[in-house]
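Numbering (this note's numbering), first residue to last: 15 to 550. Using N, Cα and C, we set each Cβ at its ideal position, and we do this for glycine too. These notes are about the structure you will find just below.
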């Protein structure tokens, strides 16, 4: 007898089609049968060792977080309710060009310091891997939800030539090609870049094109955080479309927003650019989070020249008065490339987390507010905090526009991604709320998307981008990564005031056929594993 039958569910299967009522049978981690309208037809109903009454609940495929920063959280926190409770059954990690494989001892230490604001220092982690394959093997020991990995181009560059702002030599480029090929062979699904983060931002287009050719040869995709989301946003999008078309590589645009005052109301221009490329055969998708503020590290705002050489050199430059004044001028007057070419507005920069608990008084305040309290210029407050916390502070950047958010999420190649940073005392609520916020706020309350459309955006569409032949749909034979939610009550519990509150209206989540959320509570199941690239 099969393990589980989910009775009388309102199935929204991920395809975008209308819902239907069915009994869904799960066994051995897969959906083994779907009996539509069983009760109404009076036919023999399937039996199983366990029956779950799903009356009033929607059954959908598990949600895919196309942009996650859980690289260490998956190892550190077996509970991982921040994502499991949202119905996320698969996260794509290795984002923004910086993560923890492939590395050597030097590069690992540098990366750990550079992205401590994203993932913590890692002092509580046994870094017993160096290659992509070894990292995926570590995930296979058991994690809360599944994870797919993008090779981080910035880390690859750091490994091949350090954190220098220069063109790679032919030998260095060959090494980067080999590293990318090895990572793809070991199971990565593609490559990411952080082209406003060092050292990835130092790569010229020709270098990126060569690496994308390697990714494409293995059936992967390129996921860039491109060179500007501010003053040069449209040009940066255009650059990525042209680059990947030359390389013959599918393109997935990370957190595809149009932010800062210069881009208010300009989402239609971005979508027209994408539609033109799609019409001529480009393979493009994108992800967004359903909020207006962004989230990154405070150090990420610094100009690229100030970040050359790695974290230790950044600290030395900040400590030098003359150099610090040059940094300030770039930030406040010129518009730093780290701040997307837009002069920083300190009243939009809210400190969301610090590494040193002694500095917690800055959390929840903008840099301008803290500066006013301290009676000093905001740059001096920001500089002092960066030095005291050794570049660890994370920030919320209140620079988005609601009309842009809504326009982009309607697009036919849109998928959902939380960009959720789980570190800090006051993280962005998207880390705990992205997927129920789509379903509750943007579907039920605002009607921006229909429920069927939204589920497709969060399930089948990302699964197709990841080339997963047996995930993303409610189909017989597919992996039983499933979510049961109440469409009348599903909502994000997290807010900017209380960002770590779990959602409501998602009582059941299954990963590989095992309950990770049951009756609204996290079980002890570690059913997730690394999801490796499907060979081309």
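**Message:** Are the CB atoms of residue 524 and residue 484 within a distance shorter than 8 Å?
**Reply:** Taking the chain shown and counting its residues from 1, one reaches residue 484 at position 470. Taking the chain shown and counting its residues from 1, one reaches residue 524 at position 510. It is not a contact, given that the beta carbons lie outside the stated cut-off.
**Prompt:** Considering only C-alpha positions, which residue in the set 367, 268, 327, 25 is nearest to residue 213?
**Reply:** Looking up residue 213 in the chain shown gives position 199. Here the closest residue by C-alpha is 327.
**Message:** Excluding the 5 residues flanking residue 425 on each side, which residues of the same chain have their C-beta closer than 6 Å to its C-beta?
**Reply:** On the chain shown, residue 425 is found 411 positions in, with the first residue counted as 1. Answer for residue 425: 285, listed in chain order.
**Prompt:** Since residue 266 is in the beta strand (DSSP E), which residue starts that stretch and which ends it?
**Reply:** In the chain shown, the residue the question calls residue 266 occupies position 252. Unbroken beta strand (DSSP E) run through residue 266: 265–267.
**Prompt:** residue 61 by DSSP, collapsed to three states: which one?
**Reply:** Here residue 61 refers to the residue found at position 47 of the chain shown. Coil at residue 61, not helix or strand.
**Request:** For residue 226, count neighbouring C-beta atoms within 10 Å of its own C-beta (all shown protein chains included) and say buried if the count is 16 or more, exposed if not.
**Result:** Residue mapping note: residue 226 aligns to position 212 of the chain shown, counting from 1. It is buried - the Cβ of residue 226 has at least 16 other Cβ atoms within 10 Å.
**Prompt:** For the beta strand (DSSP E) that residue 398 lies in, which residues bound it at each end?
**Reply:** Indexing the chain shown from 1 puts residue 398 at position 384. Note, residue 398: premise wrong, no beta strand (DSSP E); alpha helix (DSSP H) at 392–402.
**Prompt:** Anyone know if the C-beta pair for residue 45 and residue 481 falls short of 8 Å?
**Reply:** Here residue 45 is taken as the residue at index 31 of the chain shown, counted from 1. Here residue 481 is taken as the residue at index 467 of the chain shown, counted from 1. In this structure, residue 481 does not lie closer than 8 Å to residue 45 by Cβ.
**Asked** If you follow the alpha helix (DSSP H) that residue 223 is part of, which residue opens it and which one closes it?
**Response** In the chain shown, counting from the first residue as 1, residue 223 sits at position 209. Looking at the DSSP string, the run of the alpha helix (DSSP H) that includes residue 223 is 219–231.
**Request:** Inspect the beta-carbon positions of residue 131 and residue 406 and report whether they are closer than 8 Å.
**Result:** Reading the chain shown from its first residue, position 117 is the one you call residue 131. Reading the chain shown from its first residue, position 392 is the one you call residue 406. A contact, by the Cβ cut-off of 8 Å.
**Request:** Answer with buried or exposed for residue 521, where buried requires no fewer than 16 other C-beta atoms within 10 angstroms of its C-beta.
**Result:** Within the chain shown, the letter at position 507 stands for residue 521. Under this definition residue 521 is a buried residue.
**Asked** In terms of alpha-carbon separation, which member of 465, 548, 544 lies closest to residue 153?
**Response** Taking the first residue of the chain shown as position 1, residue 153 is located at position 139. Taking only the C-alpha atoms, the option nearest residue 153 is 544.
**Per-residue burial, residue 356 [other beta carbons within 10 Å of its own, 16 or more giving buried]** = Position 342 of the chain shown holds residue 356. Burial call: buried.
**Prompt:** In terms of alpha-carbon separation, which member of 398, 377, 78 lies closest to residue 338?
**Reply:** If you number the chain shown from 1, residue 338 lands on position 324. Nearest C-alpha to residue 338: 398.
**Counterpart residues of residue 50 in DSSP-defined beta bridges** = As a first step, residue 50 is located in the chain shown; it is residue number 36 there, counting from the start. According to DSSP, residue 50 bridges with 36.
**Message:** Do residue 25 and residue 36 count as a contact pair if the criterion is CB distance below 8 Å?
**Reply:** Taking the first residue of the chain shown as position 1, residue 36 is located at position 22. Taking the first residue of the chain shown as position 1, residue 25 is located at position 11. A contact, by the Cβ cut-off of 8 Å.
**Prompt:** Residue range of the alpha helix (DSSP H) that residue 188 falls in?
**Reply:** Numbered from 1 along the chain shown, position 174 holds the residue referred to as residue 188. Taken as a continuous stretch (DSSP letters only), the alpha helix (DSSP H) holding residue 188 covers 184–199.
**Message:** Only counting the same chain, and skipping five residues up and downstream in sequence, which positions put a Cβ closer than 7 Å to that of residue 540?
**Reply:** Sequence index remark: in the chain shown, residue 540 carries index 526 (1-based). Cβ within range, chain order: 92, 156, 157, 158.
**Message:** Within a Cβ cutoff of 6 Å, which residues of the same chain sit near residue 277, ignoring the five residues on either side of it in sequence?
**Reply:** Counting from one through the chain shown, the residue named residue 277 turns up at place 263. For residue 277, where only same-chain residues beyond five positions count, the Cβ hits under 6 Å are 247.
**Request:** Find out if the Cβ-Cβ distance for the pair residue 230, residue 241 is shorter than 8 Å.
**Result:** Position 216 of the chain shown, counted from the start, is the residue given in the question as residue 230. Position 227 of the chain shown, counted from the start, is the residue given in the question as residue 241. Cβ distance not < 8 Å, so residue 230 and residue 241 don't count as in contact.
**Request:** Jot down the residue ranges of each uninterrupted beta strand (DSSP E) in the region 279–343, minimum 3 residues, whole runs only, in chain order.
**Result:** 298–302, 308–311
**Prompt:** Is it buried or exposed for residue 164, if we count other Cβ within 10 angstroms and need 16 for buried?
**Reply:** Within the chain shown, numbered from 1, the residue matching residue 164 stands at position 150. The residue in question, residue 164, is buried, as its Cβ has 16 or more Cβ neighbours within 10 Å.
**Request:** Use the C-beta contact count for residue 218: other C-beta atoms within 10 angstroms, 16 or more gives buried, fewer gives exposed.
**Result:** Within the chain shown, the letter at position 204 stands for residue 218. By the neighbour-count rule (16 or more Cβ atoms within 10 Å), residue 218 is not buried but exposed.
**Residue from 100, 128, 101 with nearest C-alpha to residue 112** = For this step, residue 112 is matched to residue 98 along the chain shown. The residue with the shortest Cα to Cα distance from residue 112 is 128.
**Asked** Can you check whether the CB of residue 303 is closer than 8 Å to the CB of residue 269?
**Response** Along the chain shown, read from residue 1 onward, the residue named residue 269 stands at position 255. Along the chain shown, read from residue 1 onward, the residue named residue 303 stands at position 289. Cβ atoms of residue 269 and residue 303: closer than 8 Å.
**Request:** Go ahead and pull the three-state DSSP assignment for residue 205.
**Result:** In the chain shown, residue 205 corresponds to position 191, counting from 1. Correct three-state label for residue 205: strand.
**Asked** Given a threshold of 16 other Cβ atoms within 10 Å of its Cβ, counted over all protein chains shown, does residue 105 qualify as buried or as exposed?
**Response** To locate residue 105, count along the chain shown from 1; it is residue 91. The Cβ neighbour count for residue 105, taken over all protein chains shown within 10 Å, is at least 16; the residue is labelled buried.
**Asked** Which value, in whole angstroms, describes the spacing of the CA atoms of residue 428 and residue 333?
**Response** Counting from 1 along the chain shown, the entry for residue 428 is found at position 414. Counting from 1 along the chain shown, the entry for residue 333 is found at position 319. Roughly 43 Å between the two C-alpha positions.
**Item:** N- and C-terminal bounds of the beta strand (DSSP E) containing residue 363
**Value:** Counting from one through the chain shown, the residue named residue 363 turns up at place 349. Unbroken beta strand (DSSP E) run through residue 363: 363–367.
**Selection from 255, 319, 323 that minimises the alpha carbon distance to residue 295** = Numbered from its first residue, the chain shown carries residue 295 at position 281. Nearest of 255, 319, 323 to residue 295, Cα basis: 255.
**Item:** Local conformation of residue 430 per DSSP, three classes
**Value:** Numbered from 1 along the chain shown, position 416 holds the residue referred to as residue 430. In the structure shown, residue 430 sits in a strand (DSSP, three-state: E or B).
**Request:** Determine the extent of the alpha helix (DSSP H) in which residue 464 is found, giving its start and end residues.
**Result:** What you label residue 464 is simply residue 450 of the chain shown in a count that begins at 1. Element bounds for residue 464: n/a, residue is neither H nor E.
**Asked** Which residue from 144, 365, 126, 147 puts its Cα closest to that of residue 137?
**Response** What you label residue 137 is simply residue 123 of the chain shown in a count that begins at 1. Of the candidates 144, 365, 126, 147, the residue whose Cα lies closest to the Cα of residue 137 is 126.
**Request:** Starting from residue 105, follow its DSSP beta bridges and name the residues at the other end.
**Result:** Taking the first residue of the chain shown as 1, we reach residue 105 at position 91. Per DSSP, 79, 161.
**Prompt:** DSSP three-state call for residue 74: helix, strand or coil?
**Reply:** The residue given as residue 74 occupies position 60 in the chain shown. Three-state result, residue 74: strand.
**Prompt:** CA-CA distance, residue 103 and residue 391?
**Reply:** Counting from 1 along the chain shown, the entry for residue 103 is found at position 89. Counting from 1 along the chain shown, the entry for residue 391 is found at position 377. One C-alpha to the other measures close to 45 Å.
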